[in-house]
Each structure stands twice: as C-alpha cells, then as structure tokens.
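Have a look at the structure below, then the notes.
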Amino acid sequence: MTTAIRRVAPAPYNSAVRRFPQGFTWGTATAAYQIEGAAATDGRTPSIWDTYSHTPGRVRNGDTGDVATDHYHRWREDVEIMADLGVSAYRFSLSWPRVQPTGRGPAVEKGLDFYRALTDALLEKGIEPVVTLYHWDLPQELEDAGGWPERATADRFADYAALAAHALGDRVKTWITLNEPWCSAFLGYGSGVHAPGRTDPVAALRAAHHLNLAHGKAVQALRAELPAHAQASVTLNIHHVRALTETAEDVDAARRIDALANRVFTGPLLEGQYPQDLLHDTARLTDWSFVRDGDTAAIHQPLDFLGVNYYTPTLVSAARGEAGHGSDGHGMSDHSPWPGADDVAFHRPPGNTTAMGWAVDPSGLYDLLTRLAADFPAMPLVITENGAAFDDYVNPEGEVADPDRIAYLQGHLAAVHRAIVAGVDVRGYFLWSLLDNFEWGYGYSKRFGAVYVDYPTGTRIPKSSARWYADVIRANALPTLPE
Ligand code: FCB
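Going from the sequence shown to the working numbering is simple: count from 1 and add 15.
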C-alpha cells in the first residue's frame, strides 16, 4: 500500500549525516514523449512534438520520439529498475494523444490500458504513481485549431483531465496538471525552440493565460472525479533570477524577468491575480483583454503542494548595448522568449557547467526554496525535477561512471536538506530522469538519465549515479562527502 505525498516531520539537523525526514518521498521522473516511442501504436495520433520533430532543422540530428527509449514496450523492465533503485514514487506523464486522440471525444481504451497496467505494476512494487497530465504533447489537431493561444484549448484540457481521472482515479492519488507552462507558452509560441515553433510574443502571453485557465479548470474537473484524499498540483520551472549587480537598472531587469518567468503563473495560480508590474511591462504588446471576468478566480484553486523544477539559476542585467538578449539557457533563436524585455541581457552564471551549458549552483535551489516558503508559507513544496546532463559513455568494462552527476545530485540534495532544516516544508524529490531520453530540441544528444540507454538496442545500463541514489534512498540520508 503506498501513500500520497504527505507532511513529514523534519529530522534534527546533523551536518555529518544529513538525514531526511521520515516518510520523505524519493522519486524519479520522466515524460511520455521523451520515453514512450510507439508514436503511431494503438490509436495514438500526432502531437505537436511529432510534427515539430519531423520538421527538418527543428531538432538536433533530425531526432524524433518515434521510438525513443521504447518504454511503451519495455515498461516492465523499467518498473523493475525503479524497484531496484528503491524509489517510493514515480512521476510520469500521460500522452494526451494516446489517451484521447485528436484532443476531443471519448478515450481510447488501449491507451488507458497501457497506463492502467503501468500503474498496477508500480503499486505492486510499492511505488506511488504521480501523474502529470500535460508534459507538452498537445494533440496536433488542437494546435491546428489555434493551440494554447486560443481559449477553447483550456476547455479541451479540462475534458481530458476529467476523462483521465475517471479512468485512473481508482489507482492514482497524486495528479499534476501541467509541467512547466512557461516552456509551453514562451518557448513554444515566443522563441519557437519548442513545439509548435511559433514566434509571436502576444500569442505567447495568450498561451500563458490559457494554460493557467486550463490548470484551474482541470483542477476543478479532477476534484469532481477523484476521491477526497486525492492530491492536485502543478509543476512550475520557477526561475531563480539574480541581478548581475545591485544597480537599480539590473535589479529592475531581474524584477521584469521574475514577472515573465514566475509571477505570470504564481500570481493567478496562488494569489488569484496577475501582477500589476507584468501588465504594465507588456502593455505596449497587449491590453490582456483575453483575461475575462471570473478567469483569475477559476485559476486560483486550492492546491495540495507546488511542484518545483530546478536546474540552474538565471543571471540578468540591463542590456548595455549588447547584441540580442544573450543566452538564457533555453536554446538558440532569433526570437526572444521574453515578451517586452528586449532590453534585458542574460549572463552565464559563474561555476562549472553541465553538458547543457547550465551552471551548477545548488545555492540557487536553496534560495529558491526559502523564497517560495517566505512568499507562500502555507504551500508544501515538492521538487518534481532536478538533475543534470553529462557526456556519459559505456567504458570497456561495460559500466557508465558519472561522478559529475553524483556531485551535482549530492550538492542539490544537500541544498534541499538545508532548506528543510531551515523550516521549509519540502516533501519530496524526483530525480530527472530515470532514463536517458529525447531531450526536446537537443534530441538524444543530451543524457539526463540515472540509467544509460543504448539507443540502437534499447539496452538499459544503470550508471554509478543510480547506485549512489539507491544508497541515499535506502539510508534516507546523504553520504558524508564534502559539499
Ligand atoms: C525540463 C523538462 C524535462 C526535461 C528537463 C531537462 O524543463 O520538464 O522534460 O527536458 O527540463
């Protein structure tokens, strides 16, 4: 019998051992398009990511999710791997076009059967299934009808949420509506480095609002279908934004990016209103009249916890004549994902970087968690993603040694522990990712897994970090390495 993510009593601080609270949720995470493959199997129809990845020039090396890690056929093996790791929870997403092809009408039983069998196998192993409804794979037909910039897409999403909860609500207790709506809106419709690849700043802002609305309507639909003890949440990639200097111009640049990255979501979702400074900063692009009466109340639904994804901090300044918006770590495009903030420059934070070029900085996670606890004191937090890509390879002994990933995880888990000791209500941690997988615009060139995937054969090889993570979970504590 598994239990939903729950309140846990902090353990006393012990800098030598760093023990986590009893009952802390240790998990791992994936997303449907990144691992499943079987793109045209059992009635699944294309999503925007199928279309995008099949468009020449969009994804590195022309990679697609057609086969991916073939999890759709190898899921039993993957559940065994998780049982060996000893995780208490697994966060995965449902493929919308597998469950409800074209995004309208009845569910496809074969698609649901896949998730029924997967969740049954997880529950048998004592692993709590944590379902994300939307990890970026909008049915292509809904994009053809206008996609997230259109209000009707929010209604389609609520229908899909109801149908998924009806089918799986007897076995899934923990539900996350959206994964990182910032990426869906601003990378999908602003910079175009994610599907559907549009580059229209106003469409991006409209998409952000309709994603918020979709979340609010979906939470209402979930609560209507699910038993009272079920949990509903959303996962945000809250950017930990730092100003390059303390000058008023740089501090203001950080405020603007914080509004566009974070408060455009936390405002309506957690406080029931859009921040005034955001409306003001974007006023020359739109009057936000797509926000109708009653929308922010519909978006502002009680949540059981907030899911937080963290990889690296964001360092900004006022642009001082630099060309373009600089690299913000979200892929290269001539179009900015930051509507109305063309005068903000992005800088690479100091320190080592991962294979993504992202700075390794656990202090960003600590600062983010303590800030969220200060801003939303009653809201429990769950780290729904954290991890790193490195250039892993199989050595002649057939093993994958990844000391850099172990150091990354050690540092970030120490930051989580420090936040818990400081009184932040962090209830769980999900390592991104269980398996190497399709890393969106980077295709298979970036490996985030604790388990290595040999793509030509599909063979899985747990990396040294997988063994390290299993030890952490078993001990419910971090080994005593220097930070
Ligand atoms: C997050 C995504 C996830 C994965 C990691 C590296 O933004 O949610 O699917 O791509 O980044």
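We treat Cβ as the ideally placed atom computed from N, Cα and C, and that holds for glycine.
Assumed close pair residue i, residue j - CB separation to whole angstroms, cut-off 8 Å
| i | j | result |
| --- | --- | --- |
| asparagine 277 | tyrosine 326 | Asparagine 277 to tyrosine 326, Cβ: 15 Å. No contact. |
| aspartate 152 | isoleucine 63 | 7 Å |
| arginine 499 | aspartate 382 | Residue numbering for the chain in the displayed model covers 16 to 498; residue 499 lies beyond these limits and cannot be assessed. |
| valine 208 | glycine 346 | 4 Å |
| alanine 388 | aspartate 310 | Actually they do not touch by this definition, with Cβ atoms about 28 Å apart. |
| proline 154 | glycine 184 | Actually they are not in contact, since the Cβ atoms of proline 154 and glycine 184 sit about 22 Å apart, beyond 8 Å. |
| leucine 127 | alanine 180 | The pair is not a contact, with the Cβ atoms about 12 Å apart (cut-off 8 Å). |
| threonine 45 | leucine 380 | Not confirmed; about 21 Å, so no contact. |
| alanine 399 | glycine 336 | Checking the sequence, you will find threonine at residue 399 rather than alanine. Not confirmed; about 39 Å, so no contact. |
| glycine 58 | valine 123 | 4 Å |
| aspartate 296 | alanine 274 | 6 Å |
| phenylalanine 453 | glutamine 49 | 5 Å |
| valine 306 | histidine 224 | 6 Å |
| proline 112 | proline 61 | 7 Å |
| alanine 222 | alanine 200 | 4 Å |
Span separating the alpha-carbon of residue i from that of residue j
| i | j | result |
| --- | --- | --- |
| threonine 79 | glycine 458 | 7 Å |
| alanine 429 | alanine 422 | 10 Å |
| isoleucine 488 | alanine 334 | 45 Å |
| proline 477 | proline 164 | 41 Å |
| glutamine 291 | glutamate 156 | 35 Å |
| leucine 193 | phenylalanine 172 | 10 Å |
| serine 500 | phenylalanine 107 | The requested residue 500 does not occur in the structure, where the chain is confined to residues 16 to 498. |
| histidine 230 | glycine 344 | 26 Å |
| proline 364 | alanine 269 | 14 Å |
| valine 114 | glycine 366 | 43 Å |
| serine 332 | threonine 262 | 9 Å |
| threonine 260 | leucine 330 | 10 Å |
| proline 71 | alanine 210 | 13 Å |
| alanine 416 | tyrosine 289 | 46 Å |
| glycine 456 | alanine 98 | 31 Å |
| serine 480 | aspartate 93 | 16 Å |
| arginine 213 | glycine 203 | 6 Å |
| alanine 374 | arginine 420 | 13 Å |
| proline 354 | alanine 403 | 28 Å |
| phenylalanine 391 | glutamate 414 | 44 Å |
| valine 279 | leucine 293 | 7 Å |
| arginine 75 | valine 397 | 32 Å |
| leucine 502 | tryptophan 190 | Since the first residue shown for the chain is 16 and the last is 498, residue 502 is missing from the structure and cannot be characterised. |
| asparagine 491 | tyrosine 484 | 10 Å |
Residues near residue i in its chain [Cβ-Cβ closer than 8 Å; skip 5 each side]
| i | result |
| --- | --- |
| leucine 318 | Val234, Ala247, Ser248, Val249, Leu284, Leu285 and Met394 |
| alanine 160 | Ala167 and Thr168 |
| threonine 385 | Ala434, Ala437 and Val439 |
| lysine 232 | Ala169, Asp170, Phe172, Ala173, Ala176 and Ala313 |
| tyrosine 87 | Glu51, Gly52, Ala53, Thr56 and Phe129 |
| alanine 83 | Tyr48, Gln49, Ile50, Glu51, Gly52, Asn452 and Phe453 |
Residue i burial status per 10 Å Cβ neighbour count (16 or more: buried)
| i | result |
| --- | --- |
| arginine 91 | exposed |
| glycine 52 | buried |
| threonine 512 | The chain is shown only over 16 to 498; residue 512 falls outside these bounds and no answer can be derived. |
| lysine 188 | buried |
| glutamine 37 | exposed |
| aspartate 486 | exposed |
| proline 510 | For residue 510 there is no data in the structure shown, the boundaries of the chain being 16 and 498. |
| threonine 369 | buried |
| leucine 300 | exposed |
| arginine 442 | buried |
| threonine 472 | exposed |
| asparagine 499 | Outside the shown range of the chain, which is 16 to 498, sits residue 499, and nothing can be said about it. |
| aspartate 65 | buried |
| threonine 495 | exposed |
| proline 352 | buried |
| threonine 43 | buried |
| serine 304 | exposed |
| histidine 254 | buried |
| glutamate 412 | exposed |
| serine 342 | exposed |
| threonine 474 | exposed |
| histidine 244 | exposed |
| glutamate 158 | buried |
Sequence-distant residues of its chain with Cβ nearer than 6 Å to residue i (five each side left out)
| i | result |
| --- | --- |
| proline 377 | Gly426, His427 and Ala430 |
| tryptophan 41 | Val102, Ser103 and Ile488 |
| histidine 315 | Gly287 |
| asparagine 252 | Glu195, Trp197 and Asn324 |
7 Å Cβ shell around residue i - same chain, five flanking residues per side excluded
| i | result |
| --- | --- |
| leucine 493 | Arg33, Gln425, Leu428, Ala429, His432 and Val487 |
| serine 348 | Ser206, Gly207 and Val208 |
Minimum Cβ-Cβ distance from residue i to chain D less than 8 Å
| i | result |
| --- | --- |
| tryptophan 41 | Going by chain labels, chain D is absent from the structure shown, which holds only one protein chain. |
**Study point:** Segments assigned alpha helix (DSSP H), at least 4 residues, entirely inside the region 130-187
**Key:** Runs of the alpha helix (DSSP H) spanning 4 or more residues and lying entirely within the region 130-187 occur at 155-159 and 167-183, in chain order.
Exercise for review: Counting only runs of 3+ residues fully inside the region 332-420, write out the beta strand (DSSP E) ranges in chain order.
Suggested key: Complete beta strand (DSSP E) runs here, min 3: 359-362 and 396-401.
Exercise for review: Output the residue ranges of the alpha helix (DSSP H) runs that lie fully inside the region 259-344 and measure 4 residues or longer, sorted by chain position.
Suggested key: Runs found: 263-273, 291-296 and 310-314.
Practice item. May I have a chain-ordered list of the beta strand (DSSP E) segments no shorter than 3 residues that lie completely inside the region 455-486? Key: Whole beta strand (DSSP E) segments, 3+ residues: 466-469 and 474-477.
Point to revise | alpha helix (DSSP H) runs contained entirely in the region 53-122, provided each spans 4 or more residues | key: Taking only runs of at least 4 residues, the alpha helix (DSSP H) segments lying wholly in the region 53-122 are 63-68, 86-100 and 111-114.
Review point. What are the complete beta strand (DSSP E) segments, minimum 3 residues, inside the region 222-255?
Key: Secondary structure in the region 222-255: the beta strand (DSSP E) runs of 3 residues or longer, each lying completely within the stretch, are 246-251 in chain order.
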